[in-house]
Amino acid sequence: MEHVAQAVDPFVFRLSIFVLAVFVGYFVVWSVTPALHTPLMSVTNAISSVIVVGALLAVGVPMISSGSGWARGFGFIALIFACVNIFGGFLVTQRMLAMYKKKAK
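Under UniProt numbering, the letters of the sequence shown match residues 1 to 105, in that order.
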């Protein structure tokens, strides 16, 4: 019996990784206890800063070499989402830390 190996389309492969990452991320984030929320936000801000660097590179691709418009578009969208995530993370962290401060009498 002869088996013929079939190649998986790279788009389908990347899409399946993305879908799995969405599900894993959803269940990981929503199962975090409130005590761990602030450290998690700090790590999320650090990851988002790396995404900002990558998004800036993707947006500037045509200036470096011949890049597609898709790379610039997705890079710009990633840049916007990462900046919103960083800003929101700092706001949430400030509110969480304010909960632990002693109130002035």
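Don't be surprised by glycine CBs; every beta carbon is placed ideally from N, CA and C.
Within 8 Å, strictly: CB atoms of residue i and residue j
i      : j      : result
Gly-75 : Val-59 : yes
Leu-79 : Leu-56 : yes
Ile-17 : Ser-49 : no
Member of the options whose CA lies at the smallest distance from the CA of residue i
i      : options                         : result
Asn-45 : Phe-13, Phe-81, Arg-72, Val-8   : Phe-81
Arg-95 : Pro-34, Lys-105, Gly-54, Ile-47 : Pro-34
Pro-39 : Lys-101, Gly-89, Ile-77         : Gly-89
Cutoff 8 Å: residue i Cβ touching any chain D Cβ
i      : result
Val-52 : No chain D appears in the structure shown, which is made up of a single protein chain.
Exercise. Going along the chain, which unbroken runs of the alpha helix (DSSP H) with 4 or more residues stay wholly within the stretch 58-96?
Worked result: 61-64
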